[in-house]
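This report refers to the structure that appears directly beneath it.
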Amino acid sequence: MGTADRIILLKQNGKEAFNKGRYEDALYYLGMAADRARLIGAPLQEADIRNIIGLVFRDLGNPSQAEIHFKLALSLIEKKAGDDAPLYSDVTANLKNLHNAAEM
């Protein structure tokens, strides 16, 4: 199994753990996936994973960590694909929702 396939598998395992409420497992798998994506120079893949990590931290009630990962994802997307990429609008919406929830 190549590195790209491992990243996909780790991301899938992380998303599955997140969906089942196993947040520590999700962070473990997603963290490994993000690190590997960074190492192979796949910024959009890393950004997608960082967005999911942000969602995990949001659900854990840790908005400051969520914001860090959302902003990192946005930075990666801007550098590689610009702010008109579909993923950019998804991450922007997640960051906006995070800020709106904090204001309530």
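If you read the sequence shown in UniProt numbering, its first letter stands for residue 1, the second for the next number, and so on. All C-beta atoms in this analysis are idealised placements derived from N, C-alpha and C, irrespective of residue type, glycine included. Only a predicted model underlies this, so the values are computations on that prediction, with no experimental measurement involved.
> Nearest CA to the CA of THR3: which residue from LYS15, LEU39, PHE57 and GLY14?
Replying inline: Reading the sequence shown from its first residue, position 3 is the one you call residue 3. Taking only the C-alpha atoms, the option nearest THR3 is LEU39.
> Taking all protein chains shown into account, do 16 or more other C-beta atoms lie within 10 angstroms of the C-beta of GLY21, making it buried, or fewer, making it exposed?
Replying inline: Sequence index remark: in the sequence shown, residue 21 carries index 21 (1-based). It counts as exposed.
> Roughly how many whole angstroms lie between the Cα atoms of ASN62 and LYS96?
Replying inline: The sequence position of residue 62 within the sequence shown is 62, counting from 1. The sequence position of residue 96 within the sequence shown is 96, counting from 1. Answer to the nearest angstrom: the Cα atoms are 15 Å apart.
>> Extract the residue ranges of the beta strand (DSSP E) inside the region 29 to 93, only unbroken runs of 3 or more that lie entirely within it.
In response: none
> Helix, strand or coil for LEU6 per DSSP?
Replying inline: Here residue 6 refers to the residue found at position 6 when the sequence shown is read from its first residue. It should be pointed out that residue 6 corresponds to Arg in this sequence rather than to Leu. Secondary structure of ARG6 (DSSP, three-state): helix.
> Quick one: what's got a C-beta closer than 7 Å to MET32's C-beta in the same chain, skipping five residues either side?
Replying inline: As a working mapping, residue 32 is identified with position 32 in the sequence shown. Cβ neighbours of MET32 beyond the five flanking positions: LEU10.
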